[in-house]
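The sequence shown maps to residues 6 to 61 in the working numbering.
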Amino acid sequence: MFYSNNPLIKHKTGLLNLAEEFGNIFQACKIMGMSRDTFYRYQQAVEEVGVDALLD
6 MFYSNNPLIK HKTGLLNLAE EFGNIFQACK IMGMSRDTFY RYQQAVEEVG VDALLD
């Protein structure tokens with residue numbers, strides 16, 4: 006689970022957390038109204054740099 010108090014990061018980590026909770030990336034993206042490409046970009050950024058990378 007990822008946490009942040011920053012509203013911009015909070016929305017993005019929400020997608021990552023929802024996918025983890027569901028165990029289904031497609032379903033999480035559908036609920037959040039985001040593409041799977043966006044999910045994978047967020048996921049890669051967090052893995053490489055950490056949650057703060059989601060500010061960009």
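A virtual CB, placed ideally from N, CA and C, is assigned to each residue, including glycine. Quick caveat: nothing in here was measured; it's all calculated off a predicted structure.
For this session: Would you kindly check if the distance between the Cβ of Cys-34 and the Cβ of Phe-27 is under 7 angstroms?
Result: Looking up residue 27 in the sequence shown gives position 22. Looking up residue 34 in the sequence shown gives position 29. No, Cβ-Cβ distance for Phe-27 and Cys-34 is not below 7 angstroms.
Exercise. Out of curiosity, what's the CA-to-CA distance linking Arg-41 and Asn-10?
Worked result: Numbered from 1 along the sequence shown, position 36 holds the residue referred to as residue 41. Numbered from 1 along the sequence shown, position 5 holds the residue referred to as residue 10. For Arg-41 and Asn-10, the distance between alpha carbons rounds to 24 angstroms.
Problem set entry | Pairwise C-alpha distance: Leu-21 and Met-6 | As a first step, residue 6 is located in the sequence shown; it is residue number 1 there, counting from the start. As a first step, residue 21 is located in the sequence shown; it is residue number 16 there, counting from the start. Answer to the nearest angstrom: the Cα atoms are 8 angstroms apart.
Problem set entry | Nonlocal neighbours in the same chain, by C-beta distance under 8 angstroms from Leu-59, ignoring five residues either side | Mapped onto the sequence shown, residue 59 falls at position 54. Here the set comprises Ser-9, Leu-13, Ile-14, Lys-17, Thr-18, Tyr-47, Ala-50 and Val-51.
Exercise. Does DSSP put Asp-61 in a helix, a strand or coil?
Worked result: On the sequence shown, position 56 is the one that residue 61 refers to. Coil, per DSSP.
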